[in-house]
Each structure stands twice: as C-alpha cells, then as structure tokens.
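See below for the structure under consideration.
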Amino acid sequence: WIYGGGYMSGTATLEIYDADIIAATSDVIVASMQYRVGAFGFLYLSKYFPRGSEGAPGNMGLWDQALAIRWIKENAAAFGGDPELITLFGDSAG
1 WIYGGGYMSG
11 TATLEIYDAD
21 IIAATSDVIV
31 ASMQYRVGAF
41 GFLYLSKYFP
51 RGSEGAPGNM
61 GLWDQALAIR
71 WIKENAAAFG
81 GDPELITLFG
91 DSAG
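Positions 1 to 94 (full-length UniProt numbering) are the ones given, in order, by the sequence shown.
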C-alpha cells in the first residue's frame, strides 16, 4: 500500500489506511511503506547534478518506494507470501 498526499504530506499510519479488515477477510498480506514527502522527498536539485548523471534529482521519495517494493519482494516468503504474486496499490499520489 502506498499512501497519497500529493507528494507533499501523508503517512501510512493514518487510521483511514488501516488494513486490518482486508487482511482478516482476504487471503492477502498487506504491507504499507513510508516514503519521504515534501522537500525531503521531492526537492528539485538538478542544478547540483552534472548533465547525464545517473542521479535522480528531486525524486528521493520515489527511490524510497522502489526500495520498499524490492524489500517486500525479497522478504515476502518470510511472511508467508509469494514474491511472484505482489499487487501494488495506493491512493492519490500513492
């Protein structure tokens, strides 16, 4: 689960994102992730990266999401999940 907030605010711990019911009534494991938002996640820094750089100026929040997805895939079996059956969903910017 990736929460929304227009890349400016938000958190996976909001009560409205509580996945207890879906996890209890479905054959799923729900994993929520945190990612940096606002200036910490999307501050535009391209002038500090040389042209052609492999860096991702201003997209640290998306890097956080990619890393979390990789971690979920690598560790799904430890939680009883199948790393080949992962569904990604979210709200708004998520």
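We put the CB at the ideal spot given by N, CA and C, even for glycine. Predicted model, so just to flag it, every value in this text is computed and none were measured.
CA-CA distance, threonine 25 and alanine 19? CA-CA distance, threonine 25 to alanine 19, rounds to 10 angstroms.
Decide if the segment 28 to 43 is in contact with the segment 58 to 69; the criterion is three or more beta carbon pairs, one per stretch, under 8 angstroms apart. Result yes; three or more Cβ-Cβ pairs closer than 8 angstroms.
Under the three-state reduction of DSSP, which class applies to glycine 61: helix, strand or coil? The three-state reading of DSSP puts glycine 61 in helix, counting H, G and I together.
With phenylalanine 42 as the anchor, note down where its alpha helix (DSSP H) starts and where it stops. Annotation for phenylalanine 42: the continuous alpha helix (DSSP H) segment containing it runs 38 to 42.
Where isoleucine 2 sits in the DSSP three-state scheme: When DSSP states are grouped into helix, strand and coil, isoleucine 2 belongs to the strand group.
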